[in-house]
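Enquirer: Quick one: the structure is below, questions incoming.
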Amino acid sequence: MGSDCVDTHAHLFVEAFHDDVEAVVARAKEAGVRKVLLPNIDEDSINELKQLVIRHPGFLHPMMGLHPTSVTKGWRKQLDRVYDELTGHPPFAETTCGGADRGGTEGGGTDVGSAGRGGAGYMAVGEVGIDLYWDDSLKREQIAAFEQQLEWSRELNLPLSIHFRNATREVVESIRRVGESSLRGVFHSFGGDREELELILSLKNFMVGVNGVVTFKNSGLAGTLQYCPRDRVVAETDSPYLAPVPYRGKRNEPAYLPYVIRAIAEAWAVDAATVAGITTRNAVALFGV
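Be aware that the sequence shown starts at 260, since it is given in this note's numbering, and climbs by one per residue.
In structure tokens form, the structure reads like this:
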């Protein structure tokens, strides 16, 4: 593609990558991916996420949160562990962040603040949110867990990586209840229509994360993106899920991010290098990577 890009959402610590994660990382770098952000899922995924980040400082960057589908029996105990991680201390931060000053950002991006950066080394609170696709029987608990993590995002001055499957309106309502002016983040894996996009963009400090869905002919996402301001989009893969065409149905990986970039470029009628630059600047502004 000729330009660097940032994958703002990939689950490289899951079982699908256990046999070849080092090769996956190498291919990502060869493809022009300069950074990859890793969202946590639950208590069981924390150690694998951390060990992977430690092996690739400066390239892999961790988030910390409790995924909504992991809000099951014992979810309050899991939240306690998440908070302990978010408010932890070095040496993990020194290892993951390379001891760098996290107070500013490169490339003229917005200063996302240093609170939480120098302490725990996590770049965001994520993956958090509400998921009503599989089961809505724990909707109340999911909302409670989400709003608690929204409070932590505000307390620690960290952005959010939000999961919102079949729950866009509920997620927006929670953000407004907690206080949208003091929160910022990304609605990850956006694949909705113009109405859903406008609802999300009504939250002034939030972006949408676009992945391989934009390459699916029947998704309609390319058309929707024509209505999205260019400073409100970041690129992601959501690996190992949602591989772009021509790899649809296979395991996804960060090396396929250029296919997403090119599809966004087609939707906006610009070249891929322009989109790579835009989405990278947006990722820097939001996450400080």
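We put the beta carbon where it would ideally sit given N, CA and C, even for glycine.
1. Could you give the C-beta distance for Thr-427 and Gly-450, rounded to a whole number, given that I count them as a contact under 8 Å?
2. Nearest to Asp-497 by alpha carbon, out of Tyr-486, Pro-505, Ala-481, Tyr-515?
3. Using three-state DSSP, classify Ala-494 as helix, strand or coil.
4. Is the region 451-464 in contact with the region 480-489, if contact means three or more CB pairs nearer than 8 Å?
5. What does Leu-297 pair with, by DSSP beta-bridge criteria?
6. Please check the pair Gln-408 and Val-387, which I expect to be a contact at CB under 8 Å, by giving their CB distance rounded to whole angstroms.
7. Helix, strand or coil: how does DSSP classify Gly-451 here?
8. Taking all protein chains shown into account, do 16 or more other C-beta atoms lie within 10 angstroms of the C-beta of Arg-540, making it buried, or fewer, making it exposed?
9. Who pairs with Phe-446 in a beta bridge, going by DSSP?
10. Do the region 466-480 and the region 297-315 meet, that is, are 3 or more Cβ pairs less than 8 Å apart?
11. Using the Cα positions of Asn-306 and Asp-266, report the straight-line distance between them to the nearest angstrom.
12. What three-state label does DSSP hand Glu-386 in the structure shown?
13. By Cβ distance below 7 Å, which residues in the same chain neighbour Trp-411 in space, the five residues on each side in sequence not counted?
14. Is Ala-494 near Ser-262, with beta carbons less than 7 Å apart?
15. Looking at the unbroken beta strand (DSSP E) that takes in Asp-266, where does it start and where does it end?
16. Does the distance from the CB of Val-330 to the CB of Ala-285 come in under 7 Å?
17. For Leu-442, which residues of its own chain have a beta-carbon under 7 Å away from its beta-carbon, when the five flanking residues on both sides are left out?
18. Going along the chain, which residues of its own chain have a beta-carbon closer than 6 Å to the beta-carbon of Glu-406, five neighbours each way excluded?
Expert: A quick look at the data gives this:
1. Contact doesn't hold; Cβ gap of about 11 Å is too wide.
2. Distances from the CA of Asp-497 to each of Tyr-486, Pro-505, Ala-481, Tyr-515 were compared; the closest alpha carbon is that of Tyr-515.
3. In the structure shown, Ala-494 sits in a strand (DSSP, three-state: E or B).
4. Yes, they touch.
5. Leu-297 is bridged to Pro-321.
6. Under the criterion of beta carbons closer than 8 Å, Gln-408 and Val-387 qualify as touching, at roughly 5 Å.
7. In the structure shown, Gly-451 falls within a coil segment according to DSSP collapsed to helix, strand and coil.
8. Burial call: buried.
9. BP columns for Phe-446 point to Ile-421, Val-467.
10. Three or more beta-carbon pairs separated by less than 8 Å are not found between the region 466-480 and the region 297-315, which leaves the two stretches without contact.
11. Straight-line Cα distance between these residues: approximately 21 Å.
12. If DSSP states are grouped into helix, strand and coil, Glu-386 belongs with the strands.
13. Closer than 7 Å at the Cβ level, and outside the excluded window around Trp-411, lie Tyr-342, Leu-345, Val-384.
14. No, they are not a contact pair.
15. Where Asp-266 is concerned, the enclosing beta strand (DSSP E) stretches over 264-266.
16. The beta carbons of Val-330 and Ala-285 sit no closer together than 7 Å.
17. If we look at Leu-442 and ignore the five residues flanking it on each side, its Cβ neighbours are Leu-409, Ser-412, Arg-413, Leu-419, Ile-434, Asn-464.
18. So the list reads Ser-433, Val-437, once near-sequence residues are dropped.
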